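Asker: The opening position of the sequence shown corresponds to residue 1 in full-length UniProt numbering, with each subsequent residue numbered one higher.
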Amino acid sequence: MLLSWTSKYKERGIQKKNVHFGYTENLHGPHVAAAYFILKLNGGFRYCGHSDWFRADKMNWDFLNYKDSPLEEIDLSYTVINCQGLENFEGHQRSLRTLSLRGCPAVDDWFLSRLHIFQDSLQELDISHCPKITIGGLAALRNLKGLQRLDVSSLPGISNPGLVVILLEEMLPNCHVTAKLPEKTKPLNSYHTHCKENI
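(1) Just the Cα atoms here: how many angstroms apart are leucine 167 and threonine 178?
(2) Among the residues of its own chain, which have a CB less than 7 angstroms from the CB of threonine 24, if the five just before and after it don't count?
(3) At the level of alpha carbons, what is the spacing between arginine 12 and glutamine 123?
(4) Rounded to whole angstroms, what's the CA-CA distance from isoleucine 74 to aspartate 108? Just pull it up for me.
(5) Thinking just about the alpha-carbon of each residue, which of Gln15, Gly43 and Tyr47 is nearest to the one in proline 30?
(6) List the endpoints of the continuous alpha helix (DSSP H) containing alanine 139.
(7) Taking DSSP as the reference, what is the three-state secondary structure of isoleucine 81?
(8) In angstroms, rounded to a whole number, what distance separates the CA positions of isoleucine 133 and serine 51?
(9) Please report the Cβ distance between leucine 76 and leucine 39, rounded to the nearest whole angstrom; I am assuming they are in contact, meaning their Cβ atoms lie under 8 angstroms.
(10) Let me know the alpha helix (DSSP H) ranges lying completely inside the stretch 24-61, each 4 residues or longer, listed in chain order.
(11) Hey, could you find the ends of the beta strand (DSSP E) valine 177 is sitting in?
(12) What is the DSSP secondary structure of glycine 13, counted as helix, strand or coil?
(13) Exposed or buried, which one is methionine 59 when buried takes at least 16 other CB atoms within 10 Å?
(14) Nearest to leucine 103 by alpha carbon, out of His92, Ser121 and Leu125?
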């Protein structure tokens, strides 16, 4: 009973952290709202046309000065981002090039199916070490035709990384796919492939 209550409390906390920042969006616009959401999740980002990264561990309010700058790179590694939180990025479908979701415990198959909103822009995606992703969810990545780099290393829900690489390179022929096993179970060689470009 206590375990069930704790689990529900934790889930409620994750949902609360992933709410749509509608008030901030109305006040400062979608770019600032998305930036603030990322920082609240302890993530980091870089605006288009700028080299500096904003990160939660070096929090400052300068990001408010970039009201008209869309996000180009987002790092949400090891945060509690979930499918609901993706609503905060709906104004960045044409600008987002790089997205890191490494080690995110709430990123699952349903989350991957929602990434199609970035099909015209996303070039690099890291979903390594995400415990809830299965081979069924990876099939949704076929919509990301512009993807150039994909990391699917150490996914506990994937039993055969070699087969996954073959399937992914068929779906995404212009993509460099990496699928390494965890260090403890890693054989002498890890799975690594360069996908051939369409001729």
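Each residue gets a CB set at the ideal place from its N, CA and C atoms; glycine is no exception. Computed from a predicted structure; not experimentally measured.
Answerer: Let me spell this out:
(1) 13 angstroms
(2) Val32, Ala33 and Tyr36
(3) 33 angstroms
(4) 18 angstroms
(5) Tyr47
(6) Run containing alanine 139: none; DSSP gives neither H nor E here.
(7) coil
(8) 32 angstroms
(9) The pair is not a contact, with the Cβ atoms about 11 angstroms apart (cut-off 8 angstroms).
(10) 30-40
(11) 176-179
(12) helix
(13) exposed
(14) Per the sequence presented here, residue 103 reads as glycine, with leucine not at that position. Checked all of His92, Ser121 and Leu125; the closest Cα to glycine 103 is Leu125.
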